[in-house]
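Below is one structure, written out as structure tokens; the observations come after it.
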Amino acid sequence: MATTYLEAIREGLFEEMDRDPNVFLLGEDIGIYGGAFKVTAGMLDRYGPRRIVDTPISESAIVGAAIGASFMGLRPVAEMQFADFISCGFDQIVNFAAKCRYRWNAPAPMVVRAPCGGGIHGGPYHSQQNEAWFAHTPGLKVVLPATARDAKGLIKSAVRDNDPVIFFEHKALYRRVKEDLPQGDYTVPLGKANIHREGRHLSVITYSAMVHVADEAASIVAKEGLSVEVIDLRTLTPLDEDTILASVRKTSKAIVFHEATLTGGFGGEIAARITEKAFEYLDGPVMRLAAPDTPVPFSPTLEEAYLPNVDKLVAKIRQLAAY
Amino acid sequence: MAAVKLEALTRHDASQSPEADLARKALTYMTMMREVEERIERRLYRQGKVLGGVYVGRGQEAIPVGAGLAARPDDVLFPSHRDLALYLMRGVTPGQIFAQYMGRVGGLTRGRDGNMHMGDLSKGLVAIISAMAASVPVAAGAAMALKYQGRDQIVMVFFGDGATSRGDWHEGINLAAVQKAPLVLFCNNNQYAYSTPLDKQMACANVADRAPGYGIPAEIVDGNDPLAIYEAGRRGADHARMGLGPYLIECKTFRMTGHSAHDPADYVPKQLFEEWSQQCPIVRLEKRMIEEGWATSQEIAQLHERIRLETDQAIEWAEQSPYPDPSTLELDVYETKG
Ligand SMILES: Cc1ncc(C[n+]2csc(CCOP(=O)(O)OP(=O)(O)O)c2C)c(N)n1
Numbered sequence: 381m382a383t384t385y386l387e388a389i390r391e392g393l394f395e396e397m398d399r400d401p402n403v404f405l406l407g408e409d410i411g412i413y414g415g416a417f418k419v420t421a422g423m424l425d426r427y428g429p430r431r432i433v434d435t436p437i438s439e440s441a442i443v444g445a446a447i448g449a450s451f452m453g454l455r456p457v458a459e460m461q462f463a464d465f466i467s468c469g470f471d472q473i474v475n476f477a478a479k480c481r482y483r484w485n486a487p488a489p490m491v492v493r494a495p496c497g498g499g500i501h502g503g504p505y506h507s508q509q510n511e512a513w514f515a516h517t518p519g520l521k522v523v524l525p526a527t528a529r530d531a532k533g534l535i536k537s538a539v540r541d542n543d544p545v546i547f548f549e550h551k552a553l554y555r556r557v558k559e560d561l562p563q564g565d566y567t568v569p570l571g572k573a574n575i576h577r578e579g580r581h582l583s584v585i586t587y588s589a590m591v592h593v594a595d596e597a598a599s600i601v602a603k604e605g606l607s608v609e610v611i612d613l614r615t616l617t618p619l620d621e622d623t624i625l626a627s628v629r630k631t632s633k634a635i636v637f638h639e640a641t642l643t644g645g646f647g648g649e650i651a652a653r654i655t656e657k658a659f660e661y662l663d664g665p666v667m668r669l670a671a672p673d674t675p676v677p678f679s680p681t682l683e684e685a686y687l688p689n690v691d692k693l694v695a696k697i698r699q700l701a702a703y
Numbered sequence: 015m016a017a018v019k020l021e022a023l024t025r026h027d028a029s030q031s032p033e034a035d036l037a038r039k040a041l042t043y044m045t046m047m048r049e050v051e052e053r054i055e056r057r058l059y060r061q062g063k064v065l066g067g068v069y070v071g072r073g074q075e076a077i078p079v080g081a082g083l084a085a086r087p088d089d090v091l092f093p094s095h096r097d098l099a100l101y102l103m104r105g106v107t108p109g110q111i112f113a114q115y116m117g118r119v120g121g122l123t124r125g126r127d128g129n130m131h132m133g134d135l136s137k138g139l140v141a142i143i144s145a146m147a148a149s150v151p152v153a154a155g156a157a158m159a160l161k162y163q164g165r166d167q168i169v170m171v172f173f174g175d176g177a178t179s180r181g182d183w184h185e186g187i188n189l190a191a192v193q194k195a196p197l198v199l200f201c202n203n204n205q206y207a208y209s210t211p212l213d214k215q216m217a218c219a220n221v222a223d224r225a226p227g228y229g230i231p232a233e234i235v236d237g238n239d240p241l242a243i244y245e246a247g248r249r250g251a252d253h254a255r256m257g258l259g260p261y262l263i264e265c266k267t268f269r270m271t272g273h274s275a276h277d278p279a280d281y282v283p284k285q286l287f288e289e290w291s292q293q294c295p296i297v298r299l300e301k302r303m304i305e306e307g308w309a310t311s312q313e314i315a316q317l318h319e320r321i322r323l324e325t326d327q328a329i330e331w332a333e334q335s336p337y338p339d340p341s342t343l344e345l346d347v348y349e350t351k352g
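Next up, the structure:
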């Protein structure tokens with residue numbers, strides 16, 4: 381039976397909690413209510429309030445408490461109700477968790493789960509894709525699964541990882557994306573990109589929900605004889621530069637594609653690395669497709685104009701292919 | 015003759031009491047802290063041998079010392095930037111502290127961070143970050159973890175009056191209170207946060223007044239009396255260890271320096287310094303120890319001399335410690351590089 385992206389995360393958490401008694405969850409409304417998106421539904425019944433901790437509305441304390449618990453040998457998984465509220469816990473993440481191993485040899489193995497992304501008419505405060513803030517902070521790992529299989533395998537790796545991991549779950553994928561999962565205890569390693577779709581003429585390097593948009597766009601241009609390779613990065617930190625460069629060296633053309641806003645987005649970093657390290661293979665400029673530099677608007681017409689989509693990507697692919 | 019003998023005997027007895035023992039420990043650590051910080055602030059910093067910011071706890075030594083004596087050796091401590099004695103009490107050496115300030119490999123952070131930003135989990139010492147009060151939620155989480163694990167250790171966290179204005183302070187206490195986490199909170203209310211006096215920091219009279227808002231008990235103690243702080247610390251620790259949740263102790267004291275070594279503190283009325291100089295916790299304790307027959311003035315003089323010598327040696331040790339090799343720059347950002 382096919383498992384949704386959301387169920388896959390839940391299964392991963394169940395398995396890790398069964399495996400390791402040090403794993404516990406904390407966050408707002410994650411217990412009796414099962415979380416705003418029901419990712420943790422059923423957890424309270426199974427593990428009780430000792431391991432499923434409903435907290436006050438205190439993102440900074442949620443993250444801080446996770447750090448403190450990790451110092452004592454636990455493996456906390458903290459839930460932000462929306463990635464948009466992670467900014468309330470920002471200092472604890474970027475100044476405490478990210479730096480303690482480097483400063484004084486005190487690792488903080490913990491996961492902060494953050495439901496991110498637009499396309500659900502959430503408006504400016506329930507739609508953000510703010511991974512770049514964390515990818516810019518040494519000491520953090522940044523994970524953004526696109527598929528159900530990866531969602532489960534990556535959450536399990538994140539829980540087992542000995543560094544703090546920010547785990548961005550795309551809300552629009554929660555129930556829309558599903559597939560049959562491998563049997564048994566599997567993990568997907570952090571730092572390994574996936575060639576989501578093989579192609580010869582052009583590489584689209586992307587992650588999270590945009591992987592599916594890229595796949596659709598690739599199917600459309602395939603009918604025009606254009607063979608597009610879709611690279612799903614899966615994690616921004618660590619970054620699988622080898623897979624990116626190998627793809628670009630093969631296709632000679634690259635579009636870096638993300639849902640986050642353009643300026644200062646992680647796409648700029650990838651584009652720079654490609655030009656630095658595979659310049660002589662390129663047959664055109666490294667292009668970027670991202671959201672415009674605005675807050676995420678609420679009204680459907682505005683949000684549609686804001687979000688990168690299949691049409692915009694197809695146009696970009698044609699433009700670069702024609703180079 | 016007989017009278018003299020008797021006096022010697024009582025003194026001997028008094029000096030063997032548990033109180034005398036506690037007082038001697040308190041005096042030793044307060045004096046060590048004072049001496050180490052004097053060297054850092056008034057010599058090494060001025061000689062350019064110590065880099066970066068220097069924040070000392072002169073006049074406030076009773077707080078970390080009294081609290082540290084109330085802690086069990088396996089309790090977890092979150093010192094703030096004026097709590098140097100807690101490190102000494104947990105066995106961090108003065109040499110390591112000087113090396114830390116000098117950016118040498120021998121410091122607790124091996125040159126990765128400076129001054130009081132240091133910790134050692136094996137000694138139950140968690141490093142602050144620069145942002146005031148950020149340790150409070152982290153300490154709350156450590157306390158929750160100890161409870162989760164069914165251990166009977168507790169956590170003690172330290173901060174200044176200014177830090178209690180930050181959201182982290184409130185979030186951390188509130189979470190710990192709701193979770194009944196075994197956390198004892200020590201405020202050094204030294205009446206200034208940098209240049210900002212207390213009445214610009216908060217509109218209530220005492221930091222302790224904030225506790226009822228979180229449903230936790232609080233008490234106010236003389237922040238220049240290590241034995242009083244010890245007693246309060248014991249009450250707080252017992253409360254936390256019994257599973258009754260957090261306990262706040264406000265220690266009223268005064269910052270006998272500028273905010274940091276570069277700050278002449280012109281904004282503090284001279285008269286306040288004069289008044290509080292009468293309250294030096296070291297002088298006060300010494301006086302009491304002599305009065306109570308817990309120590310002789312000769313013993314006290316010897317203690318000072320011994321600490322001065324040890325401090326000299328510690329500085330030499332630290333100066334021998336190398337600077338970190340630049341090739342180590344990128345190590346330890348993650349468990350594995352790449
Ligand atoms: C969040 C934050 N803002 C500003 C500072 C700069 N700063 C360092 S110490 C300090 C004053 C702290 O006062 P208090 O908490 O009363 O402690 P004290 O230094 O008096 O012991 C300030 C403003 C800081 N460290 N953290």
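So the protein sequences, as listed, match chains A and B. If you're matching positions, the first sequence starts at 381 in the numbering used here and goes up one per residue. If you're matching positions, the second sequence starts at 15 in the numbering used here and goes up one per residue. Glycine is no exception: its CB is placed at the ideal position from the N, C-alpha and C atoms.
For G174 (chain B), the shortest C-beta to heavy atom distance toward ligand 1 is below 6 Å. Relative to ligand 1, the beta carbon of S209 (chain B) is positioned no closer than 6 Å to any heavy atom. Set against 6 Å, the gap from the CB of A177 (chain B) to the closest heavy atom of ligand 1 is smaller. The alpha-carbon of A552 (chain A) is positioned some 12 Å away from that of L687 (chain A).
No heavy atom of ligand 1 is found nearer than 6 Å to the CB of M170 (chain B).
In this structure, the alpha-carbon of S537 (chain A) lies about 6 Å from that of T567 (chain A). Counting along the chain, the unbroken beta strand (DSSP E) around Y261 (chain B) starts and ends at 261 to 266. Counting the other CB atoms within 10 Å of its CB gives Q215 (chain B) a total of 16 or more, which places it among the buried residues. Just so you know, the alpha carbons of M590 (chain A) and D530 (chain A) end up roughly 15 Å apart. For I234 (chain B), the enclosing beta strand (DSSP E) starts and ends at 232 to 236. Within the stretch 85 to 113 of chain B, the residues whose Cβ lies closer than 9 Å to some Cβ of chain A are V90, F92, listed in chain order. Interface flag for G428 (chain A) against chain B is unset, since no Cβ pair is found closer than 7 Å.
Under the Cβ criterion (8 Å, minimum of three pairs), the stretch 174 to 186 of chain B counts as touching the stretch 440 to 452 of chain A. Taking C-alpha positions only, Y43 (chain B) is separated from M103 (chain B) by approximately 7 Å.
Taking CB atoms only, L454 (chain A) has a neighbour in chain B less than 7 Å away. S467 (chain A) has a beta carbon lying at 7 Å or more from every beta carbon in chain B. Contacts with chain A at 7 Å (Cβ-Cβ) include V152 (chain B). The beta carbon of D400 (chain A) lies closer than 7 Å to those of R455 in the same chain, with the five residues before and after it left out.
For the C-beta of A449 (chain A), the chain B residues within less than 8 Å are, from N- to C-terminus, G155, A156, M158, A159, Y162. Contact between T623 (chain A) and D673 (chain A) does not hold, since their C-beta atoms are separated by about 28 Å, which reaches or exceeds 8 Å. Note that the C-beta distance between R668 (chain A) and D127 (chain B) is not below 7 Å.
In the three-state reduction of the DSSP assignment, S583 (chain A) falls in the strand class, which pools E and B. Annotation for L424 (chain A): the continuous alpha helix (DSSP H) segment containing it runs 423 to 431.
V539 (chain A) sits in a helix when the DSSP states are folded into three classes. In terms of side-chain proximity, the C-beta atom of N402 (chain A) is found no nearer than 6 Å to any non-hydrogen atom of ligand 1. Taken through DSSP and simplified to helix, strand or coil, G227 (chain B) comes out as helix. Under the three-pair Cβ rule at 8 Å, the stretch 215 to 229 of chain B counts as touching the stretch 171 to 180 of chain B.
Shown here for A154 (chain B): same chain residues with a beta carbon closer than 7 Å to its own, the five before and five after excluded, namely G186, L189, A190, A195, L197 in chain order.
Within the stretch 472 to 485 of chain A, those residues whose Cβ lies closer than 8 Å to any Cβ of chain B are, in chain order, Q472, N475, F476, K479, C480, R481, Y482, R483, W484, N485. Cβ neighbours of D252 (chain B) within its own chain (closer than 7 Å, five residues either side excluded): none. DSSP places F470 (chain A) within a helical segment (H, G or I) once states are collapsed to three. Taking 7 Å as the cut-off, the beta carbon of V557 (chain A) is found no closer than this to the beta carbon of F637 (chain A).
If you look at K603 (chain A), you'll find it isn't in any beta strand (DSSP E); DSSP assigns it neither H nor E.
With respect to the C-alpha of L135 (chain B), the residue from B:P211, B:S209, B:V90, B:G229 having the closest C-alpha is B:V90.
Interface annotation, A388 (chain A): not in contact with chain B, CB-CB separation never under 7 Å.
Distance from the C-beta of S144 (chain B) to the nearest heavy atom of ligand 1 is below 6 Å.
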